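J.:
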Amino acid sequence: MFFFIQGDAIAGMSNAFTDQLPTGFTLVEGPDLPLNLIYWNGRKILPKPQQPSPEYYWDSAINEWVAPDPPTPSQIQDWDKLISLLDSSPEWGKAYAAAEKTLKANTAFTTLLTTLTSLRKTETLEFAIARLREAMSNISGIGDFTAEEIASIDGKLEAAGFDLRLSQEPPS
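Here the working numbering is used: the first residue of the sequence shown is 239, the next is one more, and so on.
Structure representation (structure tokens):
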């Protein structure tokens, strides 16, 4: 098998040798393997070593299989920790009180609770909190979270590894 090299990279392959090459190309003989199983080391075509596991990716700059970087602790969202931080907090009590007042707040609170315990999707969490705040702001005697309560919820989100932060703007 022959491989066309251009600009220090494999540009194609051929079954036959030819000395009539386009400008800037060289032809190098190599193993009879598909392109995804070989690499050019700057001098010759070599077979790639076996991939250690499916998570590894081929880094053509160093011609090695590389393990992906593990997520940093701040990237790991600990849903159980978030639940324990929210449970019995004043903010949770306020949200629960709102859920007892109107159907809209009850639906939003139920969505929030389901997200925390089952769905565990950040997008749904953000949506549920926004709907809950909107419903709470329309309930006399309860209202939206105060700036201090928002800061407290943001602290709980951060402590549990979430990048999500609540807006200080009142819900629309």
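The C-beta atom is built at its ideal place from N, Cα and C for all residues, glycine as well. Quick caveat, the model's predicted, so the values are computed rather than measured.
According to the Cβ coordinates, are Pro285 and Ile276 closer than 9 Å?
T.: Going by C-beta atoms, Pro285 is nearer than 9 Å to Ile276.
J.: Taking the alpha-carbon positions, what's the Pro308 to Phe263 distance?
T.: Approximately 40 Å between the Cα atoms of the pair.
J.: If contact is defined by three or more beta carbon pairs under 8 Å, each pair taking one atom from either stretch, is the segment 311-328 in contact with the segment 288-303?
T.: No, the segment 288-303 does not touch the segment 311-328.
J.: Which residue comes first and which comes last in the beta strand (DSSP E) that contains Leu284?
T.: Taken as a continuous stretch (DSSP letters only), the beta strand (DSSP E) holding Leu284 covers 283-285.
J.: Along the beta strand (DSSP E) that carries Thr264, what are the first and last residues, could you check?
T.: First-last of the beta strand (DSSP E) with Thr264: 263-267.
J.: In its own chain, which residues sit with a C-beta less than 8 Å from the C-beta of Gly381, not counting the 5 before and 5 after it?
T.: The residues are Met374, Ser375.
J.: Given this structure, state the Cα-to-Cα distance separating Asp257 from Phe240, to the nearest angstrom.
T.: Cα to Cα, the separation comes out at about 11 Å.
J.: Can you tell me whether DSSP reads Tyr334 as helix, strand or coil?
T.: If DSSP states are grouped into helix, strand and coil, Tyr334 belongs with the helices.
J.: Could you tell me whether the Cβ atoms of Glu329 and Phe383 are closer together than 9 Å?
T.: Yes, the pair counts as a contact, with Cβ atoms nearer than the cut-off.
J.: Do Gly399 and Asp318 have their beta-carbon atoms positioned less than 9 Å apart in this structure?
T.: No, the pair does not count as a contact, with Cβ atoms beyond the cut-off.
J.: Identify which residue in Thr355, Leu350, Ile377 has its Cα closest to the Cα of Ala368.
T.: Closest option to Ala368, Cα to Cα, is Leu350.
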